[in-house]
Structures are given as C-alpha cells and as structure tokens.
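Everything on this sheet refers to the single structure shown next.
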Amino acid sequence: MIIQSLAFYLFAGITVAAAVMVISARNPVHSVLFLILAFFNSAGLFVLLGAEFLAMILVVVYVGAVAVLFMFVVMMLDIGVAELREGFLQYLPLGGIVGLILLLELGFVVAGFVISPEVSERFSAPAPADIPNTEAIGQLLYTKYVYFFQAAGMILLVAMIGAIVLTHRSREGVKKQRIGQQVDRRPEETLEIKKVQTGSGI
Amino acid sequence: MPETAFPNLIPALPEIFLAVAAMLLLMIGVFSREELAARTAGYGSVIVLIVAIVFVGLVAEGRVLTFGGAFVTDPFAVFVKVMTLIAAAAAILMSRSYLEDHKINRFEFPVLVLLAALGMLMMVSANDLIALYLGLELQSLALYVIASFQRDSTRSAEAGLKYFVLGAVASGLLLYGMTLVYGFSGTTNFDVLEKLFADSNAGAPVGVIVGVVFIIAGLAFKISAVPFHMWTPDVYEGAPTPVTALLAVAPKIAAMGLFIRVMTGPFGDLSGQWQQIIIFISIASMVLGAFAAINQKNIKRLMAYSSIGHMGYALIGLAVAGQTGSPAVQSDGLHGMLVYLAIYMVMNLGTFACILLMKKDGRMMEDINDLAGLSKTNPALAAVLTIFMFSMAGIPPLAGFLGKLYVFQSAIQAELFGLAIIGVLASVVGAFYYLRIVKVMYFDQPEDGLDGPISFEMKSILGVMGVVILLFIFLPGPLLSGAEAASAALLPG
Amino acid sequence: MYTAAVFLPLIGSFIAGILTFAGGVANEKTKKKIDRGSQLATVGAMLLAAVAATFAFIDIVVHANTGNVELFTWVSSGTLEFSWALRGDTLALVMLLMVTWISSMIHIYSIGYMSHDKSIPRFMAYLSLFTFFMLMLVTSNNLVQLFFGWEGVGLASYLLIGFWYEKQSACAAAIKAFVVNRVGDFGFVLGIFATFVLFDSISFDTIFGLAEDKSQATMSVFGGDFHALTVICLMLFVGAMGKSAQLGLHTWLPDAMEGPTPVSALIHAATMVTAGVFMVARLSPLFEYSDTALTVVTVVGGSTAIFAATVGCVQNDIKRVIAYSTCSQLGYMFFALGVSAYSAGVFHLVTHAFFKALLFLGAGSVIHAMSDEQDMRNMGGLWRLIPVTYVLMWIGSLALAGVWPFSGFYSKDTILESAWGAGTEVGYYAFWMGIGAAFLTAFYSWRLLIMTFHGESRADEVTLAHVHESPKVMILPLIFLAMGALFVGFLTFDFFVGQHTKSFWGNSLLILDSHPALENAHQSPLWVILLPSVAGVSGITLAYLMYMLAPDLPAALASGFQRTYRFLLNKWYFDELYDRIFVRPCFLLGHGFWKSGDGALIDGVGPDGVASAVRDIARRASALQSGFLYHYAFAMLLGVAALITWFLVARG
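Protein chains in written order, with the working numbering: chain A, 1 to 202; chain B, 203 to 695; chain C, 696 to 1347.
Pasting the structure below:
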C-alpha cells in the first residue's frame, strides 16, 4: 500500500507540476515537452488503477501522435512567444485573485468530501478477474456503452470533416500523378510516328 | 459477464437515421462533381431533416429508455426535437443563395448542419451526463466548423476561433461540474441521480451543488446567457449569415431543452439551490439584452443581443419551474417557456430570412441603415419584417406578445414578482431597438433598393413564419397542447 | 315614413362621403361628374326626406296616429336602459318638417353657391350629415339620444365652420365654436346625470310621467340641498345657452360666419342654434315645475335680445349683422319659453327659420354677386344690378322687423304679448327689452338694406363689373323661403298659438295653469299690441333718416359717442373679457405645465431622463464587448467564481 501511495503521489505531483509548466514555459517547444511528461505520468496513474490498456493507449496516441504533431506545428509556425505574453502581467493580479478564490472554494468543497457507503458501492464495478483488462473494456464499450462509443465516433467524424473543410484547398497548377490517366493513355495521343528520310533530318 | 442484450434501437431511430443519412450524403458528396454534390446535399439534407421529423413523431409514445438508460424519448424530447429540426431545415433552406453568392456552396455545409442537428437531438434525449456531454460536443464542434465556413473571410475565421476557444472553456467548466457531481454521487445517470437526491433528507453535499453550478455555467454558455454570453455578438456578426440564423435558433432550443431536462430531472429536488442562480442569469440576460442592443448598428449584432434577451425571458420559465411547492405553477412555467421558445424560433427564422435578403448589387448588407426606406422600395418585405419586429418587441396581438405573456404570467403565479417586473421593464427598453428598425424602414429616406427578386424558398419561409406570428392568437391550440404534454412529461404528478 | 325622413340624409351623406374619396384621385372631367353625383345624391335624399316628413306630419299630427318608433335597444345596463327611438309628437314633427324643408332649400342653394369650390362632395356630405344629426336631435325619445344628436350637430358645425380649413380664421372660429359649446355641453351632461339620479331613467316618457311626483324633491349639490328640478333645469339650460348662443356663451356665433354662407343659413340661423330652444320646449314638463329656472330663462333671453340687437347696429360685415340678429331673435324665443309661452317660442322658431334663412341666403347671393365681398361699407347701390335679391331681402327684413302681415309679425307679437301677459316682474323686463330690441332690429335691418342696396356704390370697378344676379338654382330656394316668410305666420298662427293651440300641440308641451301667459296674451291692452309695430316702424324711419337722408350722421355719431361706439363695435368686449379671464390664464397655465411640469419635470425625469440613462447604460454595455478573447474567457470565469461564491456565502 505504501509503495502504491508513494507512486500515486509521485505521478500525480509530477503531472500537476508538468501541467503548470505547460502554460508557464517561455518556449513553446518546452511546453510541448512538458505536456508529454504530463501524459506519461497520467499513464502511470492509469497503471496504478489497473487499467493498463488505457495507459498504453494514452502513451501511444497522445504521446506518439498528438504531442508529436503539436511539436511539428509549434516548430513550423514560429510563434512569437513574447507577443502572446503581453498583457499577462497586467491581468495577473486580478486573475490571480479570482483564481485564488476559486481554488479556496474548491478546496472547501473537497474538504467536505465524504464517501458515503452507497456511493462507494456504486463506484465499485471491479474489473472481472477471468478475462484480461483489454477484453473487459472492449466488452463494456461495445455493449453497455455502445451509444457513447458511437457518439464519440460521430464527434471524431465531424472533427475530420471540419479539418478538411477548413484547410483543404484544391490548388490549380499542381502536378499530380493520375494513374488512371496514365493507364488510359493511348499511343495515338502522345506518339506521332514520322517517317524520317535518312540523311535529311527532321 | 456484462449483459449482452441488444439495445432497443427504435427510440433512437431519428438519431440513427440522421447519422446514417449524413454519412451517406457525405459519401455522395465526396464522389460526385462539386456543384451536383452541393445541390444534392442541400436538398437531400432538407428532406432528411423532414423525414427525421416524421420519425420523431413516429417513435413518440410515452417515456422510453434505451442504451442502458442513457437515452430517453418522451413527449418533451419530441416537442423540442421537432422545433430543433424545423429550425435546422429552415436554416439550410435559407443558406443556398448566400452560399452561392459567396462561392462557398459546398456539400459539407448541409452535412455539417445535419451532424449538428444530430448532436442537438442527442442533447435533448440525453439521460446521462456522458450522453449530455457527447451530444453537446458533437453539436458544438459542427457549429464551430460552420461558423468559420467562409474561411477566406477573416471575420468568419475569427468568429469560428472565438467560438471554439470559448466553447472549449465552457466545455471544461461543464466537464468539471460533471466530475464533481459524479465524484460526490457515484453515478452519471439522471434517473439514479434524481432518486438519490429525492431520497437523501439531508440534502445534497456541497460538492454536488458546486458541480451543478459549473454545469449551469457550461450550459448557460450554450444558450448565451449573461455572464457567459460574451461570444455571442462577435460570433453572430462574423459567422456567415445563414450560420448565424442557425446559431440563433436550433442550438439555443436544443440547449434550452437540455437545460430544462437537467435542471428539472436529476437536479429537480435541488431547485431550492439553483433557482436563485437561474433568476440571476435570467435578469442579467434580459437587462443586458435590452440595453446593449441599443447602440448596435450591425443588424446581426443586434440580433445577438436580442437573442440574449430572449433567452433571459425564456429562463423565467425555468426559474418558475424551480419554485417548489406547487406542481401546477411549475408546469405553467415550463409550458410558458416552451411556447416562448417555439415563438422565438419562428420570429428569429423570419427575421434572419429578411436579413439574408438585405443585398445590394449582389453584396450583403448588415447595417441597419441599409434598410432605410424599405417600405417604399419593397413594401412587402418591410411589412413582414415589421411584423417580426413588433412580435419581438412583444406588441399584441402578435405571437411574441403571447409568448411573453405566458412566461410573465407564470412568474406572477409563482410570486416571483421582481422577475416579472424587471422582465416587463426590460422588454420596454428592448422595444426601442426593434421599433427603431421599423422607423428606419418606414420613415427614413430610401437609398437604392435591395436586390430582387426573392427566391421561392425565401418567400415561403417568410410567408409561413409571418402568417404563424400574425395568426397565432387565433389558433394557438396545437402549440399549446404540445407544450402542455411536453411540460407534463417532465414533472411528476 | 318617419324613419325614412330621419335616415335618408344619412344615406345621402354616406354616398357623398364615399364620393369625396373617389374625387381625390379623379381627373378634371370625372371630378365634375363626381361633384354632380354627390349633389344629386344629397339633394335627392334631402327632398325625399322632406316629402317623407310631410307625409309623416300629416299622418301623425293631422290624423293623430301614434308615431313613436322604436328602432333597437341601445344601452341596457342595470336600471339604465334606453333605445334608439323616434318620438312622434307634434313638437318633433314640427321640427322635422321645418328642418327637412329648410335644409332641402339650402342643399339646392348650395349647388349654385358652392359651384366654384373644389371639394363639393365633402361639403354636401357634411351638410347632409348635419341634417341627419339635427333630425336625430329633434326626434329623440330620451336624453342620451338627444345628446347624441346634440354632439353630432356640434361636430358637423365644427366641420362646416372650418370647411375652408386653409383659412386661419376659419380654423380658429371652428375651434372656438367647439370649445364654447363644450362649456354648455358640460352643463347638459351634468343635467342628464342629475336627471338619472332623480328619476332613475332618462327616457322622456318616464321622466315626464314622474315630474309632478318629484316636483318637491331636493338634491344635494356641493353640500347644500336644492330644489332638484331647478338644479336639473338650470344645468340643462346651460347646455341650451351654449348651443343657442345666449348671453355669455354667444361669442362663437358671430365668428362662425367664417363658414360658407349656406352653412351660416342652415346651422347658425335656421336649425342648430334653435336646438336649445327646442330642448327647453321639449323639457317643458320639467321646466314648468321650477319657477326659478323659468325666471333665469326669461332674464337671459331678454338680456340676449337687447344685447345682440345693440351690437348688430354697428357691425359692418353683412353676415355678422344677421348673425347678431339671430342671437337677438333667439333671445326672444327664450324669454317666450321663460314665461311658459312654449308654443309662442316654437312658433317664432319656425317663422324665424324661414326669414332668417332667407336673409342669410340673400346675403349670400349679394356676397356671391360681389365676388365674396362681405363688408357693407364697400357695397351700395346694388338694387338695380340684382333686383330679385333686393326684393327678397326686403321681404326677409320686413319679416324680421315684424311688420304686418309678414310671418315675423305674428310670432314676435305673440311673444311680446305673452311676456306682458305673464304679469311677473321678469315678464315685464323681458317685454321692455323685447320692445327695445324690436326697435333696434328694425333699425339695423334697414341699415343693412340701405347700406347694401342704396346710395352711391362704394365698390371698385372690377367688382362692380362682375356683379350679376344669382343663377336660378340659388334664386328658386330663396323664393320658396320668401313664400314661407310671407305666409307661414299668417297660415299657422291659429294652430301654433291661436284658437287650436291646445288640440294642435296635444301633450307634447305642458303648461301649468299657474302660468297663463299665453291666454293673457290674447287679452292684451291695445297699446301692448301696437307698441312692437310702432317700435319697428320708428326703427325703420330712423335708419332711413340716418343712412338715406343724412349719410354723414352715423359717422358723426360714431365719433361723437366714441366710447359707446367702440363698446358696441367690440361686442361689449365679451371676447376680450373671456380672453383675459379664461383664455390667457389657460394658456399661461398650459404653458407652465408644458414647460416646467411636463417638459422639465415629467419629461426630464421620466421619458427623457430614462432615455438618456438608457443610452448611457447601453453605451457602457456595448463597451464591455472588447473583442479580446481572454476578456471573454475571463468574464466567464469571473461569472462562475461569482456564482459559486454567492452560493457558498448565501448557504453559509
């Protein structure tokens, strides 16, 4: 238990610290790197919960794909960090006060956190012991939560369409390979056979 | 082993149909020529929405749960869904000529509207916090995209981006609230939550209440209620006008439906806690909507404030529904609110149809002064717009007046006198800018007339909406009984 | 028949009214046709109504059939219940007959007189509408319907006086007529209320039936108890004073001459102004029980008679002279009523209607001939140029002056004899006032005749060249009226006031035995009978002396008695007095309320103040919208924080 607790606080602490660094780092590349750090630690938290599949997915998708994509974008766009930070200090006191108040209140709320017996009962949907974690998630996802799963799918579809709609342009004058055309091409269209008299040139 | 019973799909038929049809149209669009695709998707999507309305009507029978209790259909859902779908269909109908004029007539637009409509239906039918969130996100995401659909225009892009970022903040608030509720109650299902709060004598833990406050904030963003309204004017102004027409109506109605369901359903027994917040939001929205619109010169911006105000009036109904003690009064509140929303939809669609006709030499006009002398250059359009403006201002005997009457009456019955009085005062102030538009049309000197002729679609939308507003007082029966059934479905007893 | 007589003018008016709108868009040629059509419709309807009225008169008065017509229920509210109904008795029928025929003549005359006007259909519509209201008034069977007709003629009078609304003075006169009448109407309305309080009904049948029972009743007014019928009658009489231009409320009548001349003839001579006389006669069953009220009526009538006659002597506008003469003659009628000689009053009303209409229309004919010149100082020597009009004016003037055997002689003498015969102090007062007025009447009538038709012409060449006799369409009605002025008095004397008077009036007039003025009148001493004629003839002689033989004398008198002359010329300074007492203080008060009350206080704090506050708030509210994303996001967070804080704090 002690080790688990220690591990939890370690992962959780690093996650929070990394999250803070994400928004406070001066260099956007550093921000992305801290983000990756936060992801890794979150994955650690999943492992502690016994959800190793989720941990794997988190690492693969977020670290492997998303974060790297972020990195590319950030490096290509050359965002002027200084400009973004303008006004940060100006609003710091007010924003800080509001944030502090909110934090205190939430702390007060959490302090009143009492887990009543019924509630903990509802929480406990323990992973079945006889099948692997991955399979259990799959079974739950495609039966009980199929609606949510499909809905999420629709959201992703929209995201995809959106990305294409907003960024894709069919540019004129871009040379592309059109295999169909190449295959369909007949000799008569491209070749002209000329009889050449020897010695006279064309 | 988890249960493997196949879920009952019938209640979700409209949603499933909409999803499949959207994907089908997407496929058709991808694999056909651009113009043809746009046209097919445009008319196809309207047909799909109409069929979806039919399906909604077909599956309407009592209260049915499915997908493990995460999805619900009841008369309330049917009522709100029908309104939402009508609004979406009208928005697509209105969009055609605008999109053509701006060379953005692409098949993705109607498909995205369909997907947004799907999200709205899911919101309305949500019976689980997760379902709520997913529906909301689906809807929002599609709307973010079409808000910046005119991607070559900086304003449109800016509108989409602002909407997106602020929407994300709102989603964050919503999610945070949901986790708090889940953390303190251990469930996301509405029915279970309702039972939990009804049983516990000691009242809900503080954490749940704070969670509810966060949820209210997130939802208030979607209906653009003060103080979560800031995005509205900028986005309305920047987005392409048909999108604004859509934004002003369909998502508002769906989000209101969701709001009503969440507040009266799972958190119904906590109404003593949230009623004050709703009253505050309602008053703030009515007052800000009335005052801030006065200085506006851009008619789309003006409509943004107008819709903020209207949401404030509609929220009066929700505040009344939070008045514990008398189920009859609560039901009256919801009833008034639903009627108000329906009338709001009709007025707004009509008004936006008029705005979409504000074209001079092929360019869209958005300044109120461009309407100068419309009564001389196009008397019919001026008359119709006047009807809508009078109705929005709440002048009897037009429908807008009756809508206001119902909500104010319910507020008085619930003895929320302050709310009713401020509502009346705000509508007096609000009448100023509606009447100013009428004044500009009728008393200012005309410049060049607007472009004609008006297309058949526009004519029919204007005609239908105008007639509904004018004649509602003679035939309020169907709407009233529908709203009656819908509000009865939500309240026990 | 009866109903048709009342409603035909309304139909005519409707048709002409619709044609008015059609005329607005028509071109020159169709406009002529529309004018013609409207004239035909209204004149036709009017003549038909007159014929119908004649038949109704024969049916109801001569054959003594019952004539009440119930149209439909108007108001039924608690004990207040009354209908639209026509009362068929002699008084109503006499009025009906008189109004329809005179109005018909004036309609016909208007065709000629208004021929150059550009809105003929409107004029004809107003004229017919007026006639309808007047008929409604005289045929009503309850006080409210009477009031309906009363207000209706007020409205029509307003419209007609202001017919030439481009003229500033016409508008002012129209407003003046309306406002002054409002003062009277206020009294009338209070009278109606009081009647309802006392009798619990406003239907004539009921209140006349109950009048005797209630003759001793008292009513509390301003804390004091007064004789109820006196209160009612005095209130109603205030209304009559307004409508009939009696001393105090007479100021509107001369100004009303701004309207076209046929209007002056119809409304301000023959019919509307007699409404007050009619009303008092109609309510004789009430007035009879209040000696006080009768006394007041007598004194007011006598005073008006002499007052108006004095003013009439110095006026130079031909129509104003006749207007003051009307005022004065109404005074005669009132003091006849005041001494309970109701029939004599109504008799004079009828004869006066004929000769006064004749005089007005004749004056109109003169004005028409003189190209709208109304000032007698610019006339003179016209008798050769317009002989027919000249003769007709003579007839009218003779009738007005009460010279035998013209109509005016019979009625005026009966009135004066009745006043003498009443045997009361006020009766004698009225008698002597009447004699004086008779003298003055004759004087100013001949002054008018001489100034207009005799002596050297004072008109300019251009006008003189255009002088012409009026067309037949104008002359024929004049001849008809002249016939009336000649013969009506002689022919109807026996019925109205002579030996058949009891059977003729039936029970439409009530005279108590304690008021035997009319009986006594027939046994007057010889000097009483002769005195009016003597006064009249001496008046004529004086006028002849002053204006014919010594034309410089009037001017010399005027400058010699500067003060008296000015006093009379300015109509006893009534207008100035009212201007000082009522109009200016009202304006000052209104101005004060407007500037300081409404403008500064109510507008400043109310609409304007609120409006500017709203604008201010609006500016601030829209200034919140900075356009910066982080402002918006911050606002949202602020909102959440505020809500949660509020919630936690409120919850404790």
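All C-beta atoms, glycine included, are put in the ideal place defined by N, C-alpha and C.
| Item | Value |
| --- | --- |
| Could you say if the segment 1024–1039 of chain C and the segment 1105–1113 of chain C meet the contact criterion of at least three C-beta pairs nearer than 8 Å? | yes |
| Inspect the beta-carbon positions of Phe-1134/C and Ser-1233/C and report whether they are closer than 8 Å. | yes |
| I'd like to know whether the C-beta atoms of Val-541/B and Gly-602/B end up nearer to each other than 8 Å. | no |
| Return the residues of the segment 1303–1332 of chain C that lie within a Cβ-Cβ distance of less than 7 Å from chain A, sorted by chain order. | Phe-1329, Leu-1332 |
| For chain B, check one thing: does any of its Cβ atoms lie closer than 8 Å to the Cβ of Phe-148/A? | yes |
| For a test of the three-state rule: what should DSSP assign to Pro-678/B, helix, strand or coil? | coil |
| Roughly how many angstroms lie between the CA atoms of Phe-273/B and Ala-214/B, to the nearest whole one? | 8 Å |
| Please identify the residue among Leu-1044/C, Glu-1214/C, Ser-910/C whose C-alpha is closest to the C-alpha of Met-974/C. | Leu-1044/C |
| Only counting runs of 3 or more residues, tell me where the beta strand (DSSP E) segments fall wholly within the segment 555–591 of chain B, in order along the chain. | none |
| First and last residue of the alpha helix (DSSP H) that includes Val-60/A? | Premise fails: Val-60/A is in no alpha helix (DSSP H) and is neither H nor E. |
| Can you find at least 3 beta carbon pairs, one from the segment 988–996 of chain C and one from the segment 951–961 of chain C, that sit closer than 8 Å? | no |
| Residue range of the alpha helix (DSSP H) that Ala-506/B falls in? | 501–523 |
| Hey, could you find the ends of the beta strand (DSSP E) Leu-1077/C is sitting in? | Careful: Leu-1077/C lies outside any beta strand (DSSP E) and carries neither H nor E. |
| Kindly list, in the order they appear in chain C, the residues whose Cβ is closer than 7 Å to that of Ile-101/A. | Ala-1336, Thr-1340 |
| Mind checking Phe-858/C: buried by the 16 CB within 10 Å criterion, or exposed? | buried |
| Among the candidates Gly-1131/C, Phe-1199/C, Ile-1062/C, whose CA atom is the shortest distance from the CA of Gly-1231/C? | Gly-1131/C |
| Can you tell me whether Met-296/B is buried or exposed, with buried defined as 16 or more other CB within 10 angstroms of its CB? | buried |
| Is the CB of Glu-237/B under 8 Å away from at least one CB in chain A? | no |
| Expressed to the nearest angstrom, what Euclidean distance is found between the alpha-carbon atoms of His-1195/C and Asp-1189/C? | 6 Å |
| Chain A beta carbons: is any one of them nearer than 8 Å to that of Met-144/B? | Given that chain B is displayed from residue 203 to residue 695, the structure contains no residue 144/B and the question cannot be resolved. |
| Mind listing the chain A neighbours of Ala-1284/C? Cutoff is C-beta to C-beta under 7 Å, in chain order. | For the record, residue 1284/C in the displayed sequence is Leu; it is not Ala. Within 7 Å Cβ-Cβ: nothing; Leu-1284/C doesn't reach chain A, min ~58 Å. |
| What would DSSP say about Met-914/C, mapped onto helix, strand or coil? | strand |
| Helix, strand or coil: how does DSSP classify Leu-167/A here? | Checking the sequence, you will find Thr at residue 167/A rather than Leu. It is helical. |
| DSSP three-state label for His-922/C, please. | strand |
| Taking Phe-752/C as part of the alpha helix (DSSP H), name the residues at either end of that continuous run. | 723–752 |
| I want to verify the contact list: residues of chain C whose CB lies under 9 Å from the CB of Gly-96/A, in sequence order. | Going along chain C, no residue has its Cβ under 9 Å from Gly-96/A, so there is no contact; the nearest lies around 12 Å. |
| Considering only DSSP beta bridges, list what Leu-775/C is partnered with. | Ser-772/C |
| In three-state DSSP terms, what is Asp-895/C? | coil |
| Please list, in chain order, all residues of the same chain as Ser-771/C whose beta carbon is under 6 Å from its beta carbon, the five residues on each side excluded. | none |
| Helix, strand or coil: which one does DSSP assign to Leu-267/B? | strand |
| Nearest chain B C-beta to Leu-49/A closer than 8 Å, yes or no? | no |
| With 16 as the cutoff for other CB atoms within 10 Å, does Thr-925/C come out buried or exposed? | buried |
| Within a Cβ cutoff of 7 Å, which residues of the same chain sit near Tyr-177/B, ignoring the five residues on either side of it in sequence? | The question about residue 177/B has no answer here: the residues shown for chain B are numbered 203 through 695. |
| Counting only the same chain and skipping the five closest in sequence on each side, list residues whose C-beta sits under 7 Å from that of Leu-551/B. | Ala-289, Ala-292, Ala-447, Val-451, Ile-663, Met-667 |
| Distance check for Gly-44/A and Leu-37/A, CA to CA, integer angstroms please. | 11 Å |
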